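Student: Handing you this structure, nothing more for now.
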Amino acid sequence: MIITLTANPSLDRTIELGAPLAHGAVQRATGAVQDPGGKGVNISRALHISHVPTLAVIPGEATDPVLTGLREVGVEYANLSTGEPIRSNITVVDPDGTTTKLNAPGTHFTPELRQALDQLVVERACAVNDGQQTHWVVLAGSLPPGLDASYYAELVGKLRSAGFTGNIAVDTSEAPLIATARGEHKPTLIKPNSEELAQLTGSDNWRELEASPELTARTARHLVDQGIRYVLATLGGEGAVLISAEGAWWAKHEPVTVRSTVGAGDCSLAGFLIAHELGASPQDALVQAVAHGSAAASLPGTRVPALEATTPQKVTVQALAV
Ligand SMILES: O=P(O)(O)OC[C@@]1(O)O[C@H](CO)[C@@H](O)[C@@H]1O
């Protein structure tokens, strides 16, 4: 069982344009799709479609389109009533696949709501759900207004104090990511992209990291030395690097036609988790992460691929010396 927390879920509305986005103009879309979104939600959707048991913890009303959307596809969830609609995030896709994303701030959290959310996550992580122990808790996405940057770092500590001994992954950015990496209780895994790795390590040139798997591995090595077991660094079209105490590897998929990169990073993490649940080695889990990310990028909107629709045989992997 893998539990995901999406503290700031979203209804993802994707609009496809027949001509490049023109600032200040009225443009007619050639297509529009809407999906339940937010990073943890996407990860749970990707796990579910590949038959890996998952529970998505989400603040929001049961009648909200995000939750009805999850019910329609059969993803199990535990929601915390907030009295507010879940935010809508807009993605505009140009004909060449370039995406422009507009993310709303999300529901304001009171201290009472925060406490209730903590309790829900900790209770579900420590309980046996549907006869299954929780192997991973994934804390994912931005934090809504009212939850401060140390929220995930503190929640990792609360899970450990409550006796949760499984793995914890954190997939976030900016101040919450920095606070998590510096926190007293380290997560098992973090999944930064190049920009986030640069934020974490104080590097001012994330493009250099994206272009160099070796530099990425050397940079992320410090995080592993500080107690994070796995750093899964995604590099866009350049694949991903996994850095762990056992070694570092770079994996890259053959080029694909990109429809939408939104959620591709979430699917990479889902691919890693699926492979890990199936007992794969870290290196093979990296290959599946890259296969999942590429498959997601070739789908429209925030659509997620099933394991059987991914092509790990088109991924090349090599060990990196760090
Ligand atoms: O505003 P956040 O929480 O950083 O990101 C939210 C979001 O952009 O992330 C997902 C893709 O990773 C989308 O489903 C969603 O709209």
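So for the sequence shown, the UniProt record's numbering puts the first residue at 1; every next one is plus one. Even for Gly, the Cβ is constructed at its ideal location relative to N, Cα and C. Only a predicted model underlies this, so the values are computations on that prediction, with no experimental measurement involved.
For the alpha helix (DSSP H) that H253 lies in, which residues bound it at each end?
Tutor: For the purposes of this step, residue 253 is identified with residue 253 of the sequence shown, where counting begins at 1. Unbroken run through H253 is the beta strand (DSSP E), G247 to H253; no alpha helix (DSSP H).
Student: Return the chain-ordered list of same chain residues with a C-beta closer than 7 Å to the C-beta of S150, the five sequence neighbours on each side being excluded.
Tutor: Counting from one through the sequence shown, the residue named residue 150 turns up at place 150. Here the set comprises A179.
Student: Identify every residue that forms a DSSP beta bridge with Y151.
Tutor: As a first step, residue 151 is located in the sequence shown; it is residue number 151 there, counting from the start. None, per the DSSP bridge assignment.
Student: Taking the alpha carbon of A153 as the reference point, which residue from T165, L139, N89 and P144 has its own alpha carbon closest?
Tutor: Counting from 1 along the sequence shown, the entry for residue 153 is found at position 153. Nearest C-alpha to A153: L139.
Student: Can you pull the DSSP bridge partners for K101?
Tutor: By 1-based counting over the sequence shown, the position of residue 101 is 101. The partner list for K101 (beta bridge, DSSP) reads T91.
Student: From L67 to A78, what does the alpha carbon distance come to, in whole angstroms?
Tutor: Here residue 67 refers to the residue found at position 67 of the sequence shown. Here residue 78 refers to the residue found at position 78 of the sequence shown. So the two alpha carbons sit approximately 10 Å from each other.
Student: By DSSP's criteria, V224 is part of a beta bridge. Which residues make up the other side?
Tutor: Counting from 1 along the sequence shown, the entry for residue 224 is found at position 224. For V224, which the question treats as bridged, DSSP gives no partner whatsoever.
Student: When we look at the beta-carbon of Q288 and count the other beta-carbons within 10 Å, is it buried (16 or more) or exposed?
Tutor: What you label residue 288 is simply residue 288 of the sequence shown in a count that begins at 1. Flag for Q288 reads buried.
Student: Do L200 and A217 have their C-beta atoms within less than 7 Å of each other?
Tutor: Start at 1 with the first residue of the sequence shown, and residue 200 comes out as number 200. Start at 1 with the first residue of the sequence shown, and residue 217 comes out as number 217. Contact flag unset, no.
Student: Can you have a look at S161 and say buried or exposed, based on whether 16 or more other CB atoms are within 10 angstroms of its CB?
Tutor: Mapped onto the sequence shown, residue 161 falls at position 161. Under this definition S161 is an exposed residue.
Student: Have a look at P53 and A169 and give me their C-alpha separation to the nearest angstrom.
Tutor: If you number the sequence shown from 1, residue 53 lands on position 53. If you number the sequence shown from 1, residue 169 lands on position 169. Taking the straight line from one Cα to the other gives about 16 Å.
Student: Any heavy atom of ligand 1 closer than 6 Å to the CB of V57?
Tutor: One-based indexing of the sequence shown puts residue 57 at position 57. It does not: the Cβ of V57 is nowhere closer than 6 Å to a heavy atom of ligand 1.
Student: I need the straight-line Cα distance from V290 to K314, nearest angstrom please.
Tutor: On the sequence shown, position 290 is the one that residue 290 refers to. On the sequence shown, position 314 is the one that residue 314 refers to. Their backbone Cα atoms lie some 10 Å apart in a straight line.
Student: Using only CA atoms, which one of A7, E195 and T261 lies nearest to L299?
Tutor: As a working mapping, residue 299 is identified with position 299 in the sequence shown. It is T261 whose Cα lies nearest to the Cα of L299.
Student: Report all residues from its chain with a CB closer than 7 Å to the CB of L307; omit the five preceding and five following residues, and keep chain order.
Tutor: Counting from one through the sequence shown, the residue named residue 307 turns up at place 307. The residues are S50 and I274.
Student: Write down every uninterrupted run of the beta strand (DSSP E) in the segment 144–197 whose length is 3 residues or greater and which is fully enclosed by it, in chain order.
Tutor: Runs found: 167–171.
Student: Go ahead and pull the three-state DSSP assignment for V26.
Tutor: Translated into the one-based positions of the sequence shown, residue 26 becomes position 26. Three-state DSSP puts V26 in coil, outside helix and strand.
Student: Could you compute how far the alpha carbon of L278 sits from the alpha carbon of L269?
Tutor: The residue you call residue 278 lines up with position 278 of the sequence shown. The residue you call residue 269 lines up with position 269 of the sequence shown. Roughly 14 Å separates the two Cα atoms.
Student: Would you give the residue range spanned by the alpha helix (DSSP H) that I43 belongs to?
Tutor: Residue mapping note: residue 43 aligns to position 43 of the sequence shown, counting from 1. K39 to I49 is the extent of the alpha helix (DSSP H) around I43.
Student: Alpha carbons only, please: which of R207, I243 and L102 is nearest the one belonging to L223?
Tutor: For this step, residue 223 is matched to residue 223 along the sequence shown. Looking at the Cα atoms, I243 is the closest of the given residues.
Student: Beta-carbon within less than 7 Å of G18's beta-carbon, same chain only, minus the 5 sequence neighbours each way: which residues are those?
Tutor: Stepping through the sequence shown from its first residue, residue 18 is reached at position 18. Contacts found: T30 and P95.
Student: Can you grab the Cα-Cα spacing for the pair T100 / T310, in whole Å?
Tutor: Along the sequence shown, one-based indexing puts residue 100 at 100. Along the sequence shown, one-based indexing puts residue 310 at 310. Cα-Cα distance, rounded: 26 Å.
Student: According to DSSP, which residues form a beta bridge with N129?
Tutor: Taking the sequence shown and counting its residues from 1, one reaches residue 129 at position 129. Per DSSP, Q132.
Student: Within 10 Å of its beta-carbon, does R207 have 16 or more other beta-carbons around it, so buried, or fewer, so exposed?
Tutor: The residue given as residue 207 occupies position 207 in the sequence shown. Counting Cβ neighbours within 10 Å, R207 comes out exposed, since fewer than 16 surround it.
Student: Is there contact here, the segment 26–45 with the segment 116–131, by at least three beta-carbon pairs under 8 Å?
Tutor: Output reads no: the segment 116–131 does not touch the segment 26–45.
Student: For R114, count neighbouring C-beta atoms within 10 Å of its own C-beta (all shown protein chains included) and say buried if the count is 16 or more, exposed if not.
Tutor: Position 114 of the sequence shown holds residue 114. R114 comes out buried.
Student: So, at 6 Å on beta carbons, what are the nonlocal neighbours of A32 in its own chain, with the 5 sequence-adjacent residues on each side left out?
Tutor: Walking along the sequence shown from the start, residue 32 turns up at place 32. These residues qualify, in order along the chain: I15.
Student: Helix, strand or coil for G237? Go by DSSP, reduced to three states.
Tutor: Position 237 of the sequence shown holds residue 237. Looking at G237 - three-state DSSP - the assignment turns out to be helix.
Student: At a cut-off of 6 Å, is G40 close to ligand 1 when judged by its beta-carbon and the heavy atoms of the ligand?
Tutor: For the purposes of this step, residue 40 is identified with residue 40 of the sequence shown, where counting begins at 1. Incorrect: G40 has no Cβ contact closer than 6 Å to ligand 1.
Student: Give the single residue among H48, L11, A22 and P20 whose Cα lies nearest to the Cα of G38.
Tutor: Mapped onto the sequence shown, residue 38 falls at position 38. Comparing Cα positions, the closest option is L11.
Student: How far does the alpha helix (DSSP H) with S268 in it extend, from its first residue to its last?
Tutor: Reading the sequence shown from its first residue, position 268 is the one you call residue 268. Run containing S268: A264 to E277, per the alpha helix (DSSP H) assignment.
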